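To get our numbering, take the position in the sequence shown, counting from 1, and add 2. Beta carbons are placed, not taken as given, at the ideal position from N, Cα and C, and that holds for glycine. Fair warning: this is a prediction, and the values are worked out from it, not measured in the lab. Report on the structure given below.
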Amino acid sequence: MEITVLPNDAYLTNIGSLSRKSGYDSWLITVNYSNGKGENDWKGIKFSNAPALCRGRIYSNDYYDGSKKGPVFEFTIDDLEDWFDFEYFHAKYFESPTSVTLSSVGARNISAVCHIPKFELARVLFFYNAYLATSGLQERALHLDFNTSFIDGKHIIEVLPHCPLTQKDFKDDVLRSHLAWLLLNNEMRQSYDSIYKHLIRETTHNSDYENWIFNFTPPPLKNIKIKARFYKNQNGVYRVDEILSISNLISNIDFDVHFIGEHFVDNKQSINPLATEVAVKPQNSDNSHTIDDASEADIDRSKQTIDTNQVALQFQDPIKTSLDYKKIRSRKGPKLADEEDIDGEPKTNFVATDDATVFGNVAQGDYQNIQKNPDQTINNAKSFKAITELLERFTAEYDTDLFRQFHKLPKVKYCRRHITEDGLPRNMMEARFEYDNQLFSVFEVYTKDIKKRLSTLIVKVDSYNQLERKMQRFMTSIVKGSISWTDAALLLGDYKTLNHPTGFYEKECDERMLQKWLNGLEKEVISLVS
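As structure tokens, this is what we get:
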């Protein structure tokens, strides 16, 4: 992803205050950056890009996976209400009341004071897309676009006609779940609304400009675990640059959530012969976009999804949502069908993230800032149950820590195996551990639906930062190889493969199979160390 107002190799070092010229509607957020020559500068960027803005990222189409600078640690927030507020260099932060324990596989635990930028926490909690980012700066925006009720044991969210989100947007189950969390959880809704309240109270005026340092009142967050990329300052304080995941969240939404409204008509028909609400295949398939902040989005062009790093939000009580379509018969309306192009529109990488209008001159781009189905991936880890049990036995035997994370294999042009035969994302589990002072990652891809099974990949790792810089290319190569390690493993250095025990896919992994598999794992790991 590239932003036209920034140099092609811009590395974000700070996200500061917001500003708006008198008489203008759009707010700009100030970003400080360093370029490849080490020169420092700053720019104002439309706030609609907030979902993709965080310190430590490189904004260049030459670096698709963004920057991977800074160590990654996990830590627990017992109660965010105990943390202090403070301000530094045009940004507000939460500061831990005492030192927190930062843990990471392959490194000793660190006890240090921790700073979390308020903007970064709000970005991952609220700013799923441009709509939710810009609506946060408006008075009661969600109240004007949605009605909520509870009828016959289910939550009803009515999408009002003037809501700018489209039917296609609501087909995204992650967006529906996120909206349900913001609309139905009173604490989340109050926290989201507090952004505008702080804006009104704290805005200052300087000549023709309004200025505001981003601020909000967070929801109650207790006993949550955060995985983040950090920056260590000269005082030994660890500052969160990018939040990668938040787990142990509680939605407090116990019933199914149904979305209704005029947006939703029968899946196969439209009631308007001139309807523009058709299912459109993404027109940009090379996984790169350039954000043209000087242009406006055209309402007549199809919306494109901008590929960015996503955060994983994991709930103890995941939210279940559905769309309730009106079944309307009309012989006049065209069928809702996939179309490669509309009106011969050429493919383009240039997009704008503001609201689309008839005066726009480039396609509209939007973000999907949260990983799809992280709860499904984690809670349905039965797909990786056997390999997890194997690794837990191994790490227990050698008294070392085990860290697991799940990756969704990316969509690649002309390849289809990034999804399973059931139409679900194809996931890959990565498990990290240390053995004999050497770092390892073990990779397992779900291949139960493929005739040609894939073995387990064991990689000796020099640096997890280096590994993460290669991760996107690695996963892309797996998909290009039709789910194969052949070319992908070469990208990571020293590796071994471990076959699954006989009968692994046909029956439960019994004690004999596990022990044989464990012996094989020990043999391969030892061979990589020696």
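Distance between residue j and residue i (C-alpha atoms, nearest Å)
| i | j | result |
| --- | --- | --- |
| residue 118 | residue 235 | 13 Å |
| residue 256 | residue 484 | 40 Å |
| residue 211 | residue 205 | 10 Å |
| residue 148 | residue 320 | 21 Å |
| residue 20 | residue 241 | 21 Å |
| residue 504 | residue 318 | 35 Å |
| residue 87 | residue 531 | 47 Å |
| residue 269 | residue 451 | For residue 269, the pLDDT reaches just 48, beneath the cut-off of 50, and the residue's location in the model is therefore unreliable, although a value from the coordinates is still provided. If you take the alpha carbons of residue 269 and residue 451, they lie about 28 Å apart. |
| residue 436 | residue 462 | 10 Å |
| residue 284 | residue 418 | The predicted position of residue 284 is uncertain, since its pLDDT is 34 and thus under 50; a value taken from the coordinates is nonetheless stated next. Going by the C-alpha atoms only, they are around 15 Å apart. |
| residue 202 | residue 26 | 16 Å |
| residue 260 | residue 159 | 6 Å |
| residue 137 | residue 166 | 11 Å |
| residue 428 | residue 373 | 13 Å |
| residue 200 | residue 141 | 11 Å |
| residue 526 | residue 497 | 9 Å |
| residue 116 | residue 80 | 13 Å |
| residue 182 | residue 405 | 31 Å |
| residue 2 | residue 471 | No answer is possible for residue 2: it lies beyond the span of the chain, which begins at 3 and ends at 532. |
| residue 215 | residue 28 | 15 Å |
| residue 516 | residue 56 | 43 Å |
| residue 266 | residue 6 | 36 Å |
| residue 309 | residue 246 | 15 Å |
| residue 61 | residue 8 | 8 Å |
| residue 4 | residue 291 | 6 Å |
| residue 208 | residue 24 | 10 Å |
| residue 191 | residue 219 | 11 Å |
| residue 98 | residue 82 | 8 Å |
| residue 514 | residue 392 | 12 Å |
| residue 399 | residue 457 | 23 Å |
| residue 322 | residue 175 | 9 Å |
| residue 65 | residue 54 | With a pLDDT of only 46 at residue 65, under the threshold of 50, the placement of this residue in the model should not be trusted, and no figure is reported. |
| residue 411 | residue 455 | 16 Å |
| residue 352 | residue 478 | 23 Å |
| residue 128 | residue 512 | 44 Å |
Cβ pair residue i, residue j closer than 9 Å
| i | j | result |
| --- | --- | --- |
| residue 494 | residue 476 | yes |
| residue 312 | residue 370 | yes |
| residue 442 | residue 460 | yes |
| residue 224 | residue 76 | no |
| residue 367 | residue 243 | no |
| residue 221 | residue 193 | yes |
| residue 144 | residue 197 | no |
| residue 473 | residue 448 | no |
| residue 446 | residue 386 | yes |
| residue 1 | residue 299 | The requested residue 1 does not occur in the structure, where the chain is confined to residues 3 to 532. |
| residue 250 | residue 120 | no |
Host alpha helix (DSSP H) of residue i (start-end)
| i | result |
| --- | --- |
| residue 183 | 175 to 186 |
| residue 263 | First-last for residue 263: 259 to 263, but that is the beta strand (DSSP E), not the alpha helix (DSSP H). |
| residue 516 | 513 to 531 |
| residue 479 | 466 to 482 |
| residue 136 | 132 to 137 |
| residue 122 | 120 to 127 |
| residue 169 | 169 to 172 |
CB contact below 9 Å: residue i versus chain C
| i | result |
| --- | --- |
| residue 171 | In the structure shown, chain C cannot be found, because there is only a single protein chain. |
Cβ-heavy atom distance, residue i to the ligand GTP, below 8 Å
| i | result |
| --- | --- |
| residue 165 | Ligands are entirely absent from the displayed structure, and the ligand GTP is therefore not among its contents. |
Element boundaries [beta strand (DSSP E), containing residue i]
| i | result |
| --- | --- |
| residue 429 | 429 to 437 |
| residue 49 | No beta strand (DSSP E) holds residue 49; DSSP gives it neither H nor E. |
| residue 451 | Per DSSP, residue 451 belongs to no beta strand (DSSP E) and is neither H nor E. |
| residue 90 | 86 to 90 |
| residue 249 | 240 to 251 |
| residue 152 | 148 to 153 |
| residue 230 | 224 to 234 |
| residue 35 | 30 to 36 |
| residue 396 | Premise fails: residue 396 lies in the alpha helix (DSSP H), 387 to 399, not in any beta strand (DSSP E). |
| residue 81 | 74 to 81 |
Of the residues the options, the one placed nearest residue i, counting alpha carbons only
| i | options | result |
| --- | --- | --- |
| residue 356 | 23, 52 and 44 | 52 |
| residue 105 | 195, 521, 258 and 231 | 231 |
| residue 171 | 98, 304 and 97 | 304 |
| residue 113 | 134, 238 and 433 | 238 |
| residue 414 | 472, 99, 481 and 309 | 481 |
| residue 44 | 50, 31 and 54 | 31 |
| residue 396 | 520, 135 and 432 | 520 |
| residue 132 | 24, 191, 33 and 293 | 293 |
| residue 440 | 3, 364 and 464 | 464 |
| residue 467 | 74, 46 and 42 | 74 |
| residue 524 | 438, 169 and 491 | 438 |
Under 8 Å, with one C-beta from each stretch per pair, do the stretch 5 to 23 and the stretch 38 to 57 reach the 3-pair mark?
Contact holds: three or more Cβ-Cβ distances are below 8 Å.
Check your understanding: Between the stretch 18 to 33 and the stretch 82 to 99, do at least 3 Cβ pairs fall closer than 8 Å?
Key -> Here the stretch 18 to 33 lies against the stretch 82 to 99, with 3 or more beta-carbon pairs under 8 Å apart.
Whether or not the stretch 150 to 168 and the stretch 184 to 204 are in contact is what I'm after, with contact meaning three or more pairs of Cβ atoms, one per stretch, closer than 8 Å; do they touch? At 8 Å Cβ cutoff, the stretches touch.
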